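As structure tokens, the structure follows; a few thoughts come after it.
In the numbering used here, the protein residues as written are 8 to 324.
Written out as structure tokens, the structure reads:
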């Protein structure tokens with residue numbers, strides 16, 4: 008059993024290493040985006056204190072070409088963000104984690120946008136303690152989403168999206184912050200009251216929460232990225248952890264390609280069977296052609312198959 012397991016593991020690592028240049032090409036493509044969404048999620052990986060697993064983080068990054076990457080790091084510090092985004096200049100959409108705020112404030116080429124979904128979540132968490140005030144806040148934020156939903160599936164040109172947001176969403180955003188400031192000043196509440204905490208979170212993020220009104224390609228929230236994080240969250244309950252940090256890195260590599268396949272409607276198995284046969288002979292200078300988004304244009308109509316794989320498996324997404 009140990010011999011079979013070792014052979015299987017060695018083969019698996021070799022296949023994953025073949026995918027690394029493709030992953031790196033995809034990450035490079037993502038970093039050329041005008042708009043990035045970024046988050047972080049924990050994973051147990053490697054050895055920590057005696058008898059305990061270490062703690063690491065995936066830092067998923069979503070680009071405006073519907074590509075996503077899952078870089079792994081052992082830290083949640085600003086240093087990783089600085090190193091990863093050093094070539095990026097544009098709009099960075101995030102939650103309220105202070106590392107992003109400090110990084111954006113210190114980097115002239117970055118415009119920091121904040122997520123309305125995280126803001127709404129703060130009021131939802133405080134709802135039981137202040138149902139009337141939090142309910143009002145949630146209703147106002149809900150109207151933003153109703154107006155934004157009117158454009159869903161229509162894919163209007165940028166100027167039309169900006170016009171729609173200026174006519175319908177900007178007045179709601181202005182009214183929300185005017186009401187929120189007045190409420191904070193008028194209400195007699197303890198500083199620790201959950202509503203005040205949620206209100207101060209929103210007021211502190213106001214500049215970032217208004218960015219989507221200026222840039223038509225900036226989403227109102229990071230929900231599109233959070234959907235891609237779910238497999239990692241499920242993994243923490245299913246496969247539980249990564250025995251080594253390098254193993255966690257490879258999980259990020261594979262997950263980056265699988266998630267991007269799904270975003271582009273590519274059956275992941277079909278993609279991997281083709282790419283793992285093609286990568287050895289494919290020109291290194293054209294490795295970007297093997298990233299799922301570009302592979303779809305060049306090879307999806309006639310992918311390489313394998314006699315070891317049943318035909319029906321190739322068609323399963």
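A virtual CB, placed ideally from N, CA and C, is assigned to each residue, including glycine.
All of these numbers come straight from a predicted model, not from anything done at the bench.
In chain order, 176, 227 place their CB closer than 7 Å to the CB of residue 155, counting only its own chain and leaving out the 5 sequence neighbours on each side. Boundaries for residue 218: no alpha helix (DSSP H) harbours it, and the DSSP string shows neither H nor E there. The DSSP-derived three-state label of residue 48 is strand. Secondary structure note for residue 254: its alpha helix (DSSP H) is the uninterrupted segment 252-270.
With fewer than three CB-CB distances shorter than 8 Å, the segment 166-185 does not count as touching the segment 106-122. Between residue 69 and residue 229, the C-beta gap is smaller than 9 Å, which places the two residues in contact. Taking C-beta atoms as the reference points, residue 63 and residue 76 fail to come closer than 9 Å. Residues of the same chain with a CB within less than 6 Å of the CB of residue 310, apart from the 5 flanking positions on each side, are 277, 281 in chain order. Per DSSP, residue 205 lies in no beta strand (DSSP E); the unbroken alpha helix (DSSP H) holding it starts and ends at 201-211. Ranking 147, 284, 314, 315 by CA distance to the CA of residue 306 puts 284 first. Scanning 125, 251, 85, 84 for the CA closest to the CA of residue 100 turns up 125. Taking C-alpha positions only, residue 44 is separated from residue 232 by approximately 7 Å. With a cutoff of 9 Å on beta-carbon distance, residue 50 and residue 264 are scored as not near each other.
Beyond the five residues adjoining it in sequence on each side, residue 48 comes within less than 6 Å, by CB distance, of 65, 236, 239 in the same chain, given in chain order. In the three-state reduction of the DSSP assignment, residue 144 falls in the helix class, which pools H, G and I. In the displayed model, residue 62 falls within a strand according to three-state DSSP.
Here residue 243 carries a coil assignment [DSSP, helix/strand/coil]. Within the same chain, and ignoring the five residues on either side of residue 151 in sequence, the residues whose Cβ sits closer than 6 Å to its Cβ are 176, 179.
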